[in-house]
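Participant: Numbering (this note's numbering), first residue to last: 318 to 423.
Supplied in structure tokens, the structure appears directly below.
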């Protein structure tokens, strides 16, 4: 597939103790930097770099996984807002940042 990332993608090699759950098409993991408690990643299990390279079914399942992760963060941390970020500058592998934010956060 065009736009695939290296088979040795560091995101898929995150320590097992960071894993929270395997979802439909992704892995839900605790991010190492917990400046914002509960900060997690939703990491696509397939090696891909662009959302438009995914089939519609996988893309839909990925968004459902993101929602499932955000709902879990909402229940566990009761944030004012969950921030979502999809960048890919440092790691092109498709992944979403889910960051619980509270009033008074820096």
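Ideal Cβ placement from N, Cα and C applies to all residues, glycine included.
It should be emphasised that the depicted structure is a prediction, and the values quoted were computed from it without experimental measurement.
Going by C-alpha to C-alpha distance, which of 376, 391, 359 sits closest to residue 414?
Facilitator: 359
Participant: What residue from 395, 351, 397, 346 has the CA that sits closest to residue 383's CA?
Facilitator: 346
Participant: Alpha carbon to alpha carbon, how far is residue 417 from residue 387?
Facilitator: 8 Å
Participant: For residue 341 and residue 375, what's the separation of their Cα atoms in angstroms?
Facilitator: Cα to Cα, residue 341 sits roughly 9 Å from residue 375.
Participant: Do you know whose CA, among 364, 355, 335, lies nearest residue 326's CA?
Facilitator: 364
Participant: Considering only the beta carbon of each residue, do residue 390 and residue 355 sit closer than 8 Å?
Facilitator: Closer than 8 Å, so yes.
Participant: In this structure, what does DSSP give as the bridge partners for residue 357?
Facilitator: In the DSSP output, where bridge partners are listed per residue, residue 357 has 347, 415.
Participant: Between the C-alpha atoms of residue 318 and residue 372, what's the straight-line distance to the nearest angstrom?
Facilitator: Below a pLDDT of 50, predicted positions are generally treated as unreliable, and residue 318, at 40, falls in that range; the measurement from the model is reported next regardless. The C-alpha of residue 318 lies about 11 Å from the C-alpha of residue 372.
Participant: Consult DSSP for residue 365 and reduce its assignment to one of helix, strand or coil.
Facilitator: coil
Participant: May I ask you to list the residues that DSSP assigns as paired with residue 336?
Facilitator: 346
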